[in-house]
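Protein chains in written order, with the numbering used here: chain R, 0 to 228; chain Z, 0 to 228; chain A, 0 to 228; chain L, 0 to 228; chain C, 0 to 228; chain F, 0 to 228.
Structure record follows, encoded as structure tokens.
There are 6 protein chains.
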Amino acid sequence: MNGIVVRNIRRADAQIVASLGRLGVATVHEAQGRTGLMQPHMRPLWRGARIAGSAVTALCHPGDNWMIHVAVEILKPGDVLVVACSSECTDGGFGELLATSLKARGATGVVLDMGCRDAREIPQMQFPLWSRAISAKGTVKATIGSVNVPVVCAGVQANPGDVVVADDDGVVIVPRTDAETVVKAGGERERKEAASRARLEKGELGLDIYGMRLALEEKGLKYVDGPLD
Amino acid sequence: MNGIVVRNIRRADAQIVASLGRLGVATVHEAQGRTGLMQPHMRPLWRGARIAGSAVTALCHPGDNWMIHVAVEILKPGDVLVVACSSECTDGGFGELLATSLKARGATGVVLDMGCRDAREIPQMQFPLWSRAISAKGTVKATIGSVNVPVVCAGVQANPGDVVVADDDGVVIVPRTDAETVVKAGGERERKEAASRARLEKGELGLDIYGMRLALEEKGLKYVDGPLD
Amino acid sequence: MNGIVVRNIRRADAQIVASLGRLGVATVHEAQGRTGLMQPHMRPLWRGARIAGSAVTALCHPGDNWMIHVAVEILKPGDVLVVACSSECTDGGFGELLATSLKARGATGVVLDMGCRDAREIPQMQFPLWSRAISAKGTVKATIGSVNVPVVCAGVQANPGDVVVADDDGVVIVPRTDAETVVKAGGERERKEAASRARLEKGELGLDIYGMRLALEEKGLKYVDGPLD
Amino acid sequence: MNGIVVRNIRRADAQIVASLGRLGVATVHEAQGRTGLMQPHMRPLWRGARIAGSAVTALCHPGDNWMIHVAVEILKPGDVLVVACSSECTDGGFGELLATSLKARGATGVVLDMGCRDAREIPQMQFPLWSRAISAKGTVKATIGSVNVPVVCAGVQANPGDVVVADDDGVVIVPRTDAETVVKAGGERERKEAASRARLEKGELGLDIYGMRLALEEKGLKYVDGPLD
Amino acid sequence: MNGIVVRNIRRADAQIVASLGRLGVATVHEAQGRTGLMQPHMRPLWRGARIAGSAVTALCHPGDNWMIHVAVEILKPGDVLVVACSSECTDGGFGELLATSLKARGATGVVLDMGCRDAREIPQMQFPLWSRAISAKGTVKATIGSVNVPVVCAGVQANPGDVVVADDDGVVIVPRTDAETVVKAGGERERKEAASRARLEKGELGLDIYGMRLALEEKGLKYVDGPLD
Amino acid sequence: MNGIVVRNIRRADAQIVASLGRLGVATVHEAQGRTGLMQPHMRPLWRGARIAGSAVTALCHPGDNWMIHVAVEILKPGDVLVVACSSECTDGGFGELLATSLKARGATGVVLDMGCRDAREIPQMQFPLWSRAISAKGTVKATIGSVNVPVVCAGVQANPGDVVVADDDGVVIVPRTDAETVVKAGGERERKEAASRARLEKGELGLDIYGMRLALEEKGLKYVDGPLD
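Structure follows, in structure tokens:
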């Protein structure tokens, strides 16, 4: 499946997608059993964005961003472009012209397992972008890849139409068919965390709130009074 | 010495600790003979914090943050939690719930040779944090380590009760028993630097202020007029 | 050519240098045929600066910043100090005292293939700085290198008097004798990009603007309707 | 799909698997359109092994090798164990006792996106092993993962029953249903390469054998006589 | 404690040291509670050596090997030289002349958290060496450090007189006062492993030998028959 | 100077080249003032080769080895092909077919700042190769670069016709016009080292042979008797 562009993909329900965005990366990652998180080299170009959208995937070659141009036509409003690369690359395959184009097509953001450039202009546009690197290194348009095929991006399998959630903590992929379940589990987690937060703020200990003391003792943890020196 | 929690430790005098904080990392590191600096992968989650406190140490295992929960109980107001890991790990073992808990207990900050998460919330709380990485990757509570034992954190030996100084330049450890001497040496260094700064601002050369010309000549440095091309 | 300081170098015309600065790193790099860009580990200490100047080069040894002190005397207003290191090093060989000195001598900025320190003070001074790392690790003054000899800095050959352009996208070197040609090519590129930007903003596709469809078809790119799942 | 062990999987035909092994990693990777290759950090513990087998996958957590023990029971003769990790880890989760066990069960080899240990004993056993690192760091058995679920290992999606080919060039995954097609394409490639090799040995040029001269000219490549200095 | 050379140190009993050498790195590391292992970037220059000896420590500066020369005089037969560096460095501070000198003084081997050179000659001499890198980059003799002070080498605290064990799996430090206990624990571990090995060779499962099935079930591991595709 | 192939270059005298080869990398690097050494990521594919030859340079793009094919035609017997890449890349742009071709044309070896493949076959051919990585990842022939222009390869400027020396310690470049001087300096260094080696073998100390004691004392090194614990 190389050299293929799939025009139409199934997307998750817009409300579900929005709910995942409200939960944020850390909660969504936990809510789906600690899976789907991209490697921590994926960093936001600017702090403060929190987005969710349907993945349109592009598979590029190192030093080549041709398939990004092809993918733009396929994007629908609310989509997030997910760019994988067939081997490790930091070249700047995405800049403010492409950001302008994605914005015009209604895309919500872009996730690049390569570099980006125009690191001053893109934050000024408030266009959300996560990447492996910032690099002005130009890319060619010489080798075809694919659009909307399954890809591995920053260590995670992403299928077209999966939900992408991204914020200051990184990027997580939610399989489309799991999205609703994850929203529910995430909401529950948020409620539990709110309760814990209230108790922690008062100085209660996680050891007590989460009932860890017995398990620690069983594992053999020993307390000594000290000081030892 | 594994599986041990030491409840009480000796701490440096609070005024000494505060003085080290005022000096900052670069000056303290120089003042103690260029030792004690953690590796430069230790970066602040947000810029502008400058803290000092007594080290409470925790030794965790990769992918596991259980001992952080144990350490919280041991922390006293003014302490800095120093988290080492038995092998290299970027997982997000510390988030805003733990930050809430540390803040409630009066801790001054946290230094993590692993990852952190909630990279938006923790800066909003103004809780000072230095870490190896930002990652939403969740951690388990399955394997016991130790609290308040000597650890190696980011390349530096840290003993419980040592003074931790951290700012935008990184993190430095001052052995508790050296703290007073370092404060004095640091103050002296500051005075000298202020004098140099005033002269440098006027355009005087370091070559002259520090008297380097003779040594350079003895080493064989040659000046040619140029241009050579 | 070790242990040599060349006092005088040829510099590019000041107006040409200023024009390169206005174009910025990404445009300049493209305009000179995608050459001259330093590796992406070279990052600005603070965001938002965009500078250009004539390179005064210094070749240091790991853990040693002596030649930076020697280079200060050689700097003229408008110069950018380019510091290379004879092997990989992240030590903090440049801090606010040296920044004060460079500022007083009229230097426009500094580019360091080593570390910097005083990461709070230097941004407050608004002194432009690009480096490989932030590290408080102090350096010695023990081994001589050279000033104003050709160096390789972050993967790029830099000759004394070449033009250095640096901004949030990184650092690019323009050979002095190419500078005028690059200004022209860069201006042309800017005009073309402005035209493309206007069309992209309206939602036109790069595929059409850049006429890529035929080439993609010839390479064998296939479109399928989908969805495939 | 976490915490699941799938006992039975579909495997490719044994003769097809053997044919892929004869072709080797480089040829197989090319024959399937340059896909499926694991990242180059995956290196053989000893040089000279060339294997192929059906993938039994295990998903472990950092610092934890419990699922490897679970996977052993599922292995059938001719299988290759493929161990992925939920975040980056170099700990030595596989040593000579596990190698003994895999050998006894008839496994053909192991591919680990973590570390291995007993780097002297395993080569003496002639047990084929590819890993990210060599490290004696011990691992725990504390957190469950899964066996025979789809995993991402060293940047590549591996499904249970896919064919694993590994040799001194690295590791490549062939989807089970593509295996026969890849054998054919690989054989053809071998024949072509044999023909090219014979011509290259006589001193003929790839430029002529592959007919590249026209394309190079069209791209604008210019020849000058030189020397230029 | 900088700029100090300690002439005499306490060493562990020679027979204890020899016993630790026989056990090897992986067993010793496990036997002392999975502590003391250097980071996996420490690799042998040649495969097959397995040594143990008393640590004589040297603290060098990046690009400077002066303290190695100082340490040679302090070495006694059976010692292992442990070289730490005050910041990360790969320069080749140790070559065949130093290896000749160490051999002549009766040293058992060298462990370098920097680079080595003469990568052909040292294996021919059969002199055991572990290092971070191989690099011909020369070093200076310009800055003093210390000999026989506590150092952090490749992530591990090493005190003078501690026992160093090194083989193809890496390098482990055993605190001198723990050496005898570790020998006993290691011997016991070897006996247990021999018993397990015999059972594993016959095809018995670790799941049964180590009694893991119940714990896995309690953690919630589920078996399904499959195949799922 | 992109898209250019220079057919003829000046080469150093063959006897001078051979002499540099006999000296080896470490000696040559020292003899020319510790310059010209490539970064230590450049490793031999197999141990034991020691070569020298005239550099024919190729500048490739990431994921693209087209210019290697172009360079083959330009190579003369005794040349070493030096392949630089316009940004960091580990793809396997060189395998046994190209090795066959280079061997047939009389090339002495190849130095690649990218990956190589056929890691079993090339050592069997005894063809000397140094590279950044081993990777089966295939490369395209899509973008033109240049042949016989100055390049930066693994951190070092290499001009066509410079002398390349490579062995187990790495790769060093000697500027063509310095070659004769370096041979002389290298020979002298060898004689001095032979004398030192003889004395070191007898147990004499470098401290005495090189007369370091006074300088150490002047720097403030203090000896204490110990033991301190």
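All residues carry an ideal CB built from backbone N, CA and C; glycine is no exception.
These numbers come from a predicted model, not from an experiment.
Original post:
Would you call the CB atoms of residue 151 (chain L) and residue 154 (chain R) closer than 7 Å?
Top reply: Result yes, Cβ atoms of residue 151 (chain L) and residue 154 (chain R) sit closer than 7 Å.
Subject >> Residues of its chain near residue 108 (chain F), where Cβ-Cβ distance is below 6 Å and the 5 sequence neighbours each way are ignored >> reply: Answer for residue 108 (chain F): 50, 79, 127, listed in chain order.
Original post:
Can you find a C-beta in chain R that's less than 7 Å from the C-beta of residue 215 (chain Z)?
Top reply: Interface annotation, residue 215 (chain Z): not in contact with chain R, CB-CB separation never under 7 Å.
Original post:
Does the segment 65-83 of chain F come close enough to the segment 92-110 of chain R that 3 or more CB-CB pairs lie under 8 Å?
Top reply: A contact is defined here as three or more CB-CB pairs under 8 Å, and the segment 92-110 of chain R fails this definition with respect to the segment 65-83 of chain F.
Subject >> DSSP three-state assignment for residue 122 (chain A), whether helix, strand or coil >> reply: Secondary structure of residue 122 (chain A) (DSSP, three-state): helix.
Subject >> Chain-ordered neighbours of residue 88 (chain C) on chain A, where CB pairs are closer than 9 Å >> reply: Simply 61, 62, 86, 87, 88.
**OP:** Quickly, what does DSSP pair residue 19 (chain L) with across the bridge? List them, please.
**Re:** Residue 19 (chain L) pairs with nothing; no bridge assigned.
Original post:
Taking Cβ positions only, does residue 212 (chain F) come closer than 7 Å to chain L?
Top reply: With its beta carbon at least 7 Å from every one in chain L, residue 212 (chain F) lies outside the interface.
Subject >> Top-ranked residue by Cα proximity to residue 179 (chain A), from A:130, A:119, A:16 >> reply: Shortest Cα-Cα distance from residue 179 (chain A) to any of A:130, A:119, A:16 involves A:16.
Original post:
By Cβ distance, which residues of its chain are closer than 8 Å to residue 157 (chain F), with the 5 residues on each side in sequence left out?
Top reply: Around residue 157 (chain F): 54, 56, 81, 83, 149, 150, 151, 163, 172.
Subject >> Contained beta strand (DSSP E) runs [length at least 3] in the segment 76-142 of chain Z, N- to C-terminal order >> reply: The DSSP assignment places 78-84, 108-115, 128-133 as complete runs of the beta strand (DSSP E) inside the segment 76-142 of chain Z, in order along the chain (cut-off: 3 residues).
**OP:** Flag residue 154 (chain F) as yes if its beta-carbon sits less than 7 Å from any beta-carbon of chain A, otherwise no.
**Re:** True, the Cβ-Cβ gap to chain A drops below 7 Å.
Original post:
With 16 other CB atoms within 10 Å as the buried threshold, where does residue 218 (chain C) fall?
Top reply: Residue 218 (chain C) should be labelled exposed.
Original post:
Do residue 114 (chain C) and residue 91 (chain C) have their C-beta atoms within less than 7 Å of each other?
Top reply: It is a contact, given that the beta carbons lie within the stated cut-off.
Original post:
Does any C-beta atom of chain L lie closer than 7 Å to the C-beta of residue 114 (chain R)?
Top reply: It does not: the Cβ of residue 114 (chain R) has no partner Cβ on chain L nearer than 7 Å.
**OP:** Output the distance between the C-alpha atoms of residue 102 (chain F) and residue 2 (chain C), rounded to the nearest integer angstrom.
**Re:** The straight-line gap from Cα to Cα measures roughly 54 Å.
Subject >> Segment limits, alpha helix (DSSP H) that includes residue 205 (chain A) >> reply: Taken as a continuous stretch (DSSP letters only), the alpha helix (DSSP H) holding residue 205 (chain A) covers 205-208.
Original post:
The beta strand (DSSP E) spanning residue 184 (chain A) covers which residue range?
Top reply: Taken as a continuous stretch (DSSP letters only), residue 184 (chain A) belongs to no beta strand (DSSP E), being part of the alpha helix (DSSP H) at 178-200.
**OP:** Note down, in chain order, all residues in the segment 97-113 of chain Z with a beta-carbon under 7 Å from any beta-carbon belonging to chain R.
**Re:** Against chain R - using a Cβ distance shorter than 7 Å - the residues of the segment 97-113 of chain Z are 99, 100, 103, 104.
**OP:** Give the interface partners of residue 151 (chain Z) over in chain C, defined as CB-CB distance under 9 Å, in chain order.
**Re:** Going along chain C in sequence order, the residues near residue 151 (chain Z) (Cβ under 9 Å) are 151, 154, 155, 156.
Original post:
Which residue comes first and which comes last in the beta strand (DSSP E) that contains residue 26 (chain L)?
Top reply: Looking at the DSSP string, residue 26 (chain L) is not in any beta strand (DSSP E); the run it does join, the alpha helix (DSSP H), is 24-30.
Original post:
In three-state DSSP terms, what is residue 6 (chain F)?
Top reply: In the three-state DSSP reduction, residue 6 (chain F) falls in the coil class, being neither helix nor strand.
**OP:** Rounded to whole angstroms, what's the CA-CA distance from residue 46 (chain C) to residue 61 (chain C)? Just pull it up for me.
**Re:** Spanning the two alpha carbons is a distance of roughly 27 Å.
**OP:** Pull up the CB-CB distance for residue 220 (chain C) and residue 4 (chain L), whole angstroms please, since I reckon it's below 8 Å.
**Re:** That belief holds up - the Cβ atoms of residue 220 (chain C) and residue 4 (chain L) are roughly 6 Å apart, short of 8 Å.
**OP:** Output the boundary residues of the beta strand (DSSP E) element that contains residue 58 (chain F).
**Re:** Per DSSP, residue 58 (chain F) belongs to the beta strand (DSSP E) from 50-59.
Subject >> Residue from F:195, F:223, F:200, F:167 with nearest C-alpha to residue 210 (chain F) >> reply: The residue with the shortest Cα to Cα distance from residue 210 (chain F) is F:195.
Original post:
Does the beta carbon of residue 191 (chain F) come closer than 7 Å to any beta carbon on chain C?
Top reply: Not one chain C Cβ lies under 7 Å of residue 191 (chain F).
Original post:
Which residues, in order along the segment 176-188 of chain Z, keep a beta-carbon less than 7 Å from a beta-carbon of chain A?
Top reply: Going along the segment 176-188 of chain Z in chain order, one finds no residue with a Cβ nearer than 7 Å to chain A.
**OP:** Compute the Euclidean distance between the alpha carbons of residue 187 (chain A) and residue 42 (chain A), then round it to the nearest angstrom.
**Re:** Approximately 27 Å between the Cα atoms of the pair.
Original post:
Buried or exposed: residue 140 (chain R), going by 16 or more other Cβ atoms within 10 Å of its Cβ?
Top reply: Burial state of residue 140 (chain R) is buried, judged by a 10 Å Cβ sphere holding 16 or more other Cβ atoms.
Subject >> Exposure of residue 22 (chain C), with buried meaning 16 or more beta-carbon neighbours within 10 Å >> reply: Using a 10 angstroms sphere on the CB of residue 22 (chain C), the tally of other CB atoms reaches 16 or more, which defines it as buried.
Subject >> Test: residue 1 (chain A) CB closer than 7 Å to a CB of chain F >> reply: Residue contact with chain F for residue 1 (chain A): present (Cβ-Cβ distance below 7 Å to some residue of chain F).
Subject >> Span separating the alpha-carbon of residue 37 (chain F) from that of residue 26 (chain Z) >> reply: Put simply, the backbone Cα of residue 37 (chain F) is about 35 Å away from that of residue 26 (chain Z).
Original post:
Under 7 Å between the Cβ atoms of residue 132 (chain R) and residue 39 (chain A)?
Top reply: Cβ atoms of residue 132 (chain R) and residue 39 (chain A): closer than 7 Å.
**OP:** Reducing DSSP to helix, strand and coil, say where residue 11 (chain R) ends up.
**Re:** Assigned with DSSP and collapsed to three states, residue 11 (chain R) falls in coil, not helix or strand.
Subject >> Under 7 Å from the C-beta of residue 134 (chain A): neighbouring residues of chain Z >> reply: Under the 7 Å cutoff, chain Z gives 39, 169.
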